[in-house]
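There are 2 protein chains.
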Amino acid sequence: MRKILLAHGSGGEETHRLIKEVFLRYFSNEYLNELEDSARLPSPRRLAYTTDAFTVSPIFFPGGDIGKLAVAGTVNDLAVSGAKPLYIALSFIIEEGLSVDELERVVRSASEEAKRSGVLVVAGDTKVVPKGQADKLYIGASGIGEVVYEGLSSRNLSEGDVIIVSGSVGEHGACILALREGLDFELPLVSDCRSLWGMIERLISSGVQLKAMRDATRGGLSGVLNEWATASGVDIELEEESIPVKDAVRGLCELLGFEPLHLASEGVAVIAVSPEDAERALGILRETPEGAEARIIGRVIGKGEGRVLLRTPYGVSRILEPPSGELLPRIC
Amino acid sequence: MRKILLAHGSGGEETHRLIKEVFLRYFSNEYLNELEDSARLPSPRRLAYTTDAFTVSPIFFPGGDIGKLAVAGTVNDLAVSGAKPLYIALSFIIEEGLSVDELERVVRSASEEAKRSGVLVVAGDTKVVPKGQADKLYIGASGIGEVVYEGLSSRNLSEGDVIIVSGSVGEHGACILALREGLDFELPLVSDCRSLWGMIERLISSGVQLKAMRDATRGGLSGVLNEWATASGVDIELEEESIPVKDAVRGLCELLGFEPLHLASEGVAVIAVSPEDAERALGILRETPEGAEARIIGRVIGKGEGRVLLRTPYGVSRILEPPSGELLPRIC
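Those protein sequences? They're chains R and G, same order as listed.
Per my numbering, the first sequence runs over residues 1 to 332.
Per my numbering, the second sequence runs over residues 1001 to 1332.
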């Protein structure tokens, strides 16, 4: 089995060969194929730009791998900003000794995920670091989109706004956690890693009035809502039993003492909409494969101190604290 | 001394505090300060887009550090593509235990380098990986520019075109090499790491006809010229004694058996110009601080097999092989 060598990252002949045989094989397009220092591209009217580093461990997991995650994560950061994803750039930091087969699986899966949303991988870079200075593979990803829905912001929430989630939460985090703890054979956990542009495009083109949108990655649903509540100076109340959490996620959390609403999702959007548009937005989401299990989970109860309240079935409310502490490193 | 903890990368309160206290302190601007999933930006008419992963070791070196290098490297990739650098996105992969002071030095130096070229850092991400899964700090950088000079390409070279370098070559690579070998006290080697947009802007606005432009990073001058010769199907002949190489670089290479023309520069442009514009281009470069030591080093001798020939003072020519093998890992 061929392995990645330091020479593959030196910018010489071996690097060129790896680029041709692995990267261009899957990512080929008229812009990337130029192999110049920058891709030169048709420009959108209004630009959205995002970046993330991906360090997930293990790099392969049920439902995806680091390549799919890097592309879906970048697509989603653009989509929830109201932007149509157009171009992606990927830089690979590879640990010496990774098998070329594993790299190729990651690249193939990234390219398939890019095709799903119609984005092009137009720029890339490869570095190889000596054994013990990385853990298999990290990916730096960035993306450019065209803003097609203006004005989404964490600071937009006001009294009455309705909070929707597009699917059940915490599955990516729970899946990685189970793998790390060796519990993956007992619990049927699959990461929800997927691109959300298809679903969000439908929502935007329907004309419903959106106030804020986020994907619930690091910090989970709680992270997003606490950020919104603070930024908008409002209190948000959630109906605990409305929040979709799969039994396997709940079971794992009980076993290990985690709060499911702190666990990362990688294919779930959190959406704040005007009350008059809430039912229509929900209907549109439910017509899409990604949003089939969308739910209204709560609303903005008014100006406040930036708290997120969880109303239990027994009528009492508790505060949903923002995530803090170590949670789970290398989740994405 | 405060240290980076895994919690700083978890997306919770500690991450927000680090972003505020270190990243926003230096990179603050209207786009980044929004802290949304994507920056929304005025769009250039024609887009240039580039990415690189930076893994240089050590992260501090004479003449710069990984932060300055990430910004200058990104600025230069845009500049040599004929694009005015506008926006940069940086994703940090930090090894648990790095001191916050060191991180802050890197961030400050990146922000200073960005100001030098008038680019804004508009997006970012922070991940922390456990000890032993990185080496202090890696940076994924990408950049967006506006194409102001169209048509630069490795495939553009034709008979008679003149090859210019904007300064002496190999200093970044030699500096890192000396540090690694513990030779940095004996040899006065300083990295040439710097942004080239100021110099290249002057060249572009002068109206000289440029055919191709590259910064001579990984693979050095030899890497660039061999790539051009192959892509254009020409042979290039260099006058060996015209190529500026500092004595300390030459000394180190003799000591360790390296070819100076394979060593990376991080602040040197290689430029191919039409013969009628060569002297004027040289004059303009020499008026800039970055190009004060620019030299004409050779020319395209005609259609060929993609060879780069070095003509020695004794009149004989040898082939300058493209770089291959390990060279030097983690040079940039």
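Where a beta carbon is used, it is the ideal one built from N, C-alpha and C, also for glycine.
Bear in mind the structure is a predicted one, so any value in this text is a computation, not a measurement.
Residue range of the unbroken alpha helix (DSSP H) whose run includes residue i
i, result
"Lys68(R)", "66-79"
"Glu1231(G)", "Note that residue 1231(G) is Ala in the sequence shown, not Glu. Residues 1220-1232."
"Thr15(R)", "13-18"
"Gly1140(G)", "Not the alpha helix (DSSP H): Gly1140(G) falls in the beta strand (DSSP E), residues 1137-1147."
"Ala1294(G)", "Ala1294(G) -> no alpha helix (DSSP H), and no H or E assigned at all."
"Ala278(R)", "278-286"
"Arg311(R)", "Looking at the DSSP string, Arg311(R) is not in any alpha helix (DSSP H); the run it does join, the beta strand (DSSP E), is 308-311."
"Val1268(G)", "First-last for Val1268(G): undefined, no H or E at that position."
"Phe27(R)", "24-27"
"Ile1204(G)", "1197-1205"
"Ser1038(G)", "No alpha helix (DSSP H) holds Ser1038(G); DSSP gives it neither H nor E."
Length of the line joining the Cα atoms of residue i and residue j
i, j, result
"Gly1118(G)", "Ser1274(G)", "30 Å"
"Tyr1314(G)", "Ala1083(G)", "41 Å"
"Val75(R)", "Arg1295(G)", "45 Å"
"Ala53(R)", "Ile93(R)", "10 Å"
"Glu1276(G)", "Ser38(R)", "27 Å"
"Ala1281(G)", "Val1208(G)", "6 Å"
"Leu1103(G)", "Gly1067(G)", "9 Å"
"Leu183(R)", "Leu1189(G)", "53 Å"
"Gln133(R)", "Val1128(G)", "14 Å"
"Ser242(R)", "Ile164(R)", "10 Å"
"Gly1097(G)", "Gly1143(G)", "29 Å"
"Lys20(R)", "Tyr26(R)", "9 Å"
"Leu24(R)", "Gly64(R)", "21 Å"
"Arg1214(G)", "Val1080(G)", "5 Å"
"Trp228(R)", "Ile88(R)", "27 Å"
"Glu345(R)", "Thr288(R)", "What is shown of chain R runs 1 to 332, which leaves residue 345(R) out entirely."
Minimum Cβ-Cβ distance from residue i to chain R less than 8 Å
i, result
"Val1080(G)", "yes"
"Val1188(G)", "Correcting the residue identity first, residue 1188(G) is Pro in this sequence and not Val. No, because no Cβ of chain R sits closer than 8 Å to the Cβ of Pro1188(G)."
"Leu1090(G)", "yes"
"Asp1077(G)", "yes"
"Tyr1138(G)", "yes"
"Tyr1314(G)", "no"
"Pro1329(G)", "yes"
"Tyr1026(G)", "no"
"Ile1176(G)", "no"
"Gly1009(G)", "yes"
"Ser1191(G)", "no"
"Tyr1149(G)", "no"
"Leu1006(G)", "yes"
Presumed contact (8 Å Cβ cut-off) between residue i and residue j, rounded CB distance
i, j, result
"Gly1167(G)", "Glu1293(G)", "5 Å"
"Ser91(R)", "Thr1051(G)", "5 Å"
"Arg1202(G)", "Ile1284(G)", "6 Å"
"Asp192(R)", "Glu266(R)", "6 Å"
"Arg40(R)", "Val1147(G)", "5 Å"
"Ile1236(G)", "Ile1301(G)", "7 Å"
"Ser1154(G)", "Ala1212(G)", "6 Å"
"Leu263(R)", "Gly220(R)", "5 Å"
"Ala141(R)", "Gly73(R)", "7 Å"
"Met1(R)", "Ser99(R)", "5 Å"
"Leu1328(G)", "Ile1176(G)", "7 Å"
Terminal residues of the beta strand (DSSP E) in which residue i lies
i, result
"Ile88(R)", "83-95"
"Ile249(R)", "The sequence shown places Val at residue 249(R), rather than the Ile named in the question. Note, Val249(R): premise wrong, no beta strand (DSSP E); alpha helix (DSSP H) at 247-256."
"Gly1124(G)", "1120-1129"
"Leu1047(G)", "1046-1054"
"Lys211(R)", "210-215"
Beta carbon proximity, residue i to chain G, threshold 8 Å
i, result
"Glu36(R)", "yes"
"Ser43(R)", "yes"
"Arg412(R)", "Residue 412(R) falls outside the range modelled here, since chain R spans only 1 to 332, and no answer is possible."
"Gly12(R)", "yes"
"Ile163(R)", "no"
"Leu179(R)", "no"
"Ile144(R)", "yes"
"Ser154(R)", "yes"
"Ser195(R)", "no"
"Pro260(R)", "no"
Residue i CB to nearest heavy atom of the ligand PLP below 7 Å
i, result
"Arg180(R)", "The ligand PLP is absent from the structure shown, which contains no ligands of any kind."
Could you please tell me which residues of the stretch 1121-1134 of chain G, in chain order, have their CB closer than 9 Å to any CB of chain R? Val1122, Ala1123, Gly1124, Asp1125, Thr1126, Lys1127, Val1128, Val1129, Pro1130, Gly1132, Gln1133, Ala1134
Listed in chain order, which residues of the stretch 1048-1069 of chain G have Cβ atoms closer than 9 Å to some Cβ of chain R? Ala1048, Tyr1049, Thr1050, Thr1051, Asp1052, Ala1053, Phe1054, Thr1055, Ser1057
For the stretch 1236-1252 of chain G, enumerate the residues whose C-beta is nearer than 7 Å to any C-beta of chain R, in chain order. none
Identify each residue in the stretch 1211-1225 of chain G for which the Cβ-Cβ distance to at least one residue of chain R is less than 8 Å, and report them in chain order. Arg1214, Asp1215, Thr1217, Arg1218, Gly1219, Gly1223
What residues in the stretch 1093-1120 of chain G have a beta carbon less than 7 Å from any beta carbon of chain R? Ile1093
Closer than 9 Å, Cβ to any Cβ of chain R: which residues of the stretch 1264-1296 of chain G, in chain order? Ala1264
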